[in-house]
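Number of protein chains: 2
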Amino acid sequence: MSDGTKADDIALALEEAIVSGEIPPGSTLRQEHLSEQFQVSRTPVREALRRLAALGLVTFEPNRGVRVRLLSLDEIREAFMVRAELESLATEVATPKMTDDDLAELERAERRFSRATQALVEMSHEGRQDLEIARDWLHLNHSFHDVIYRAADVHLIERMAKAARRTFLVKPVWATGADLDELFLKNDLQHRAIRDAIAARSPQGARVLAREHVLSSGRLLEAILDKVSAQAREASGVR
Amino acid sequence: MSDGTKADDIALALEEAIVSGEIPPGSTLRQEHLSEQFQVSRTPVREALRRLAALGLVTFEPNRGVRVRLLSLDEIREAFMVRAELESLATEVATPKMTDDDLAELERAERRFSRATQALVEMSHEGRQDLEIARDWLHLNHSFHDVIYRAADVHLIERMAKAARRTFLVKPVWATGADLDELFLKNDLQHRAIRDAIAARSPQGARVLAREHVLSSGRLLEAILDKVSAQAREASGVR
DNA sequence: GAGGCATACTTAGGATCCAATTTGGGTACA
DNA sequence: TGTACCCAAATTGGATCCTAAGTATGCCTC
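Chains A and B, in that order, give the protein sequences.
Note that our numbering has the first sequence beginning at 132, numbered continuously upward.
Note that our numbering has the second sequence beginning at 132, numbered continuously upward.
What follows is the structure, encoded as structure tokens:
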């Protein structure tokens, strides 16, 4: 019960659980079950669900319950298109506004992300699957862009772009492999290029690079999804 | 109680009332007042408010009530930037997908909007203030873009662009005058240009035109807001 | 034995009730 | 006279209860 109302807390917790894949897409949520899980009555639970419904994470089916939304590949592609437009816009707006402090922070964020990418690639070479490293990678990826948002001071754009971020699940992001390493490294290099363009005070350049970067991330995710489903097919074929 | 739950109905009604300016921005909403207004208990009212809060139309201040969000000029500008990006993206996506039927419908929408613009300009010349005509104009403006969205078949983009549409109020749109006529007519011509680009199967061209069109609409709204506030200043000065 | 209808059970929607927090006014004291 | 404190009224947040809608199960009929 960190802050404010319980409905908000529950909404946050459920959002996290849905986005992280802890609650599988397509499953139906029982209000009573949630209420005893969070040790509250059904009232705040329902208010939280209304919020999630407005965000598009769940759908209400009157008198039948709420269902966790499951996204098609098309919708995931759309989400990346939206992010590409909005993040590139934010980057363009941010470029002239970035102070030296902001640039220094951006560089720190970029370094941290670089290290996370290194760790991910090493992990891939060793054939390990460390969910914590993968989660860190994703989080630091977002952190980089968050620095830009903060400098751009565009609350509405930020809010909508982050809504687009939340539409797809991060759970299946944990396929790695030699074929993907190249894409991961490219992703890392793109951060550097974006920062260079900002440092060079080129709004248009930064914009184009940011756009390409997000679309490239989308292709990376698609490659990962392909690989995951291929592995799943193989596994079921063996069985 | 057209469909589904009362919470949904109330949310729709409140959304309309807020966007239309019927409920003034910055005012606080009393749950009990709303419940007797809609002839229901406070429970569905609160669920409706949660939905509006998730959409960003109102803000919850714990134990203090909900406040209708009031937007700064900066945020209105942001909303138009978002719309410019998303609508141009949708237009680009739609262009190769438009069937002849879609194009015919787009032309009809454009014609209707043209007539609404004519009516608006005539009204301006006669010095009248007809809220119905103005409302029609805005509605038909949206209709034109809705045809494009339908053809593009991009639900997420459409949802987010429409969320951006809803962030600003349409109430102050009712200043007219000779200085604004030019901008209204330009707006109308841009629709024609966009349709021509789509008909010529030029996704990039349509995209650029759509972007410029939305940004131009933003400048139009700013001009209107300027005029309205100037008139308000004059009125209070006279008094 | 299969299909349809009725009934019981499950679950969501909505109303009412209680608790907790805020705010405004009034009073007492410096 | 101004300020601080306290109490009461108003209002929201949350819990419980009731109703209605939907689903499943079982019985009856063909």
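Note that beta-carbon positions come from the ideal geometry of N, C-alpha and C, so glycine has one too.
When you compare only the Cα positions, how much space is there between residue i and residue j?
i, j, result
"R370 (chain B)", "R364 (chain B)", "In this predicted model, R370 (chain B) has a pLDDT of only 49, less than 50, meaning its place in the structure is not dependable enough to derive any value."
"G308 (chain B)", "R259 (chain B)", "10 Å"
"Q321 (chain A)", "A283 (chain A)", "19 Å"
"E153 (chain A)", "G349 (chain A)", "22 Å"
"K137 (chain A)", "S151 (chain A)", "21 Å"
"R296 (chain A)", "F211 (chain A)", "8 Å"
"V252 (chain B)", "V359 (chain B)", "17 Å"
"L160 (chain B)", "V199 (chain B)", "7 Å"
"I355 (chain A)", "K317 (chain A)", "15 Å"
"E343 (chain A)", "E167 (chain B)", "53 Å"
"F315 (chain A)", "S245 (chain A)", "10 Å"
"D233 (chain A)", "S347 (chain B)", "32 Å"
"L143 (chain A)", "R290 (chain B)", "22 Å"
"D231 (chain B)", "P334 (chain B)", "16 Å"
"K293 (chain A)", "L351 (chain B)", "29 Å"
"T174 (chain A)", "R173 (chain B)", "11 Å"
"E209 (chain B)", "E192 (chain A)", "34 Å"
"A331 (chain B)", "L237 (chain B)", "14 Å"
"E263 (chain A)", "L271 (chain A)", "12 Å"
"S274 (chain B)", "A265 (chain B)", "14 Å"
"V285 (chain B)", "D205 (chain A)", "9 Å"
"K228 (chain A)", "I329 (chain A)", "10 Å"
"A235 (chain A)", "V339 (chain A)", "22 Å"
"P156 (chain B)", "E257 (chain A)", "58 Å"
"E146 (chain A)", "V197 (chain B)", "22 Å"
"L202 (chain A)", "E313 (chain B)", "45 Å"
"T190 (chain A)", "D327 (chain B)", "38 Å"
"V372 (chain A)", "R195 (chain B)", "Residue coverage of chain A in this structure runs from 132 to 370, which leaves residue 372 (chain A) outside it and unanswerable."
When the cut-off is 7 Å and only beta carbons count, does residue i lie next to chain B?
i, result
"V171 (chain A)", "no"
"L287 (chain A)", "yes"
"R195 (chain A)", "no"
"M132 (chain A)", "In this prediction, M132 (chain A) has a pLDDT of 45, which is less than 50 and means its spatial position is unreliable; what the coordinates show is noted afterwards. Not one chain B Cβ lies under 7 Å of M132 (chain A)."
"E353 (chain A)", "no"
"V150 (chain A)", "no"
"V189 (chain A)", "no"
"M291 (chain A)", "yes"
"V345 (chain A)", "no"
"E216 (chain A)", "yes"
"E147 (chain A)", "no"
"V176 (chain A)", "no"
"E241 (chain A)", "no"
"E223 (chain A)", "no"
Please tell me whether residue i and residue j are closer than 7 Å, where the distance is taken between their beta carbons.
i, j, result
"A341 (chain A)", "S158 (chain A)", "no"
"L183 (chain A)", "V176 (chain A)", "no"
"T226 (chain B)", "A324 (chain B)", "no"
"R181 (chain B)", "R181 (chain A)", "yes"
"A215 (chain A)", "V345 (chain A)", "yes"
"A366 (chain B)", "A185 (chain A)", "no"
"E178 (chain B)", "E178 (chain A)", "yes"
Looking only at its own chain, which residues have a Cβ that is under 6 Å from the Cβ of residue i, when we skip the five neighbours before and after it?
i, result
"W268 (chain B)", "A247, L251"
"V171 (chain B)", "K137"
"F169 (chain B)", "I141"
Skipping 5 residues on each side, what residues in its chain have a beta carbon closer than 7 Å to that of residue i?
i, result
"G135 (chain A)", "none"
"D319 (chain B)", "F244, S245, T248"
"H276 (chain A)", "E218"
Does the beta carbon of residue i come closer than 7 Å to any beta carbon on chain A?
i, result
"E209 (chain B)", "yes"
"R338 (chain B)", "no"
"G349 (chain B)", "no"
"R181 (chain B)", "yes"
"G157 (chain B)", "no"
"L186 (chain B)", "yes"
"L220 (chain B)", "yes"
"T136 (chain B)", "yes"
"V199 (chain B)", "no"
"V213 (chain B)", "yes"
"E192 (chain B)", "no"
Starting from the C-beta of residue i, find all residues in its chain whose C-beta is less than 8 Å away, skip the five residues before and the five after it, and write them out in chain order.
i, result
"M132 (chain B)", "Unreliable placement is indicated for M132 (chain B), whose pLDDT of 45 sits below 50; the coordinate value is still reported in the next sentence. Excluding sequence neighbours, M132 (chain B) sits near D140."
"A148 (chain A)", "I154"
"L311 (chain B)", "S255, L351, A354, I355, K358"
"G187 (chain B)", "R200, A294, T298"
"L217 (chain A)", "I288, M291, A292, A295"
"D261 (chain A)", "M254"
*Touch test, the stretch 275 to 282 of chain B against the stretch 221 to 235 of chain B, Cβ-Cβ under 8 Å, three pairs minimum*: yes
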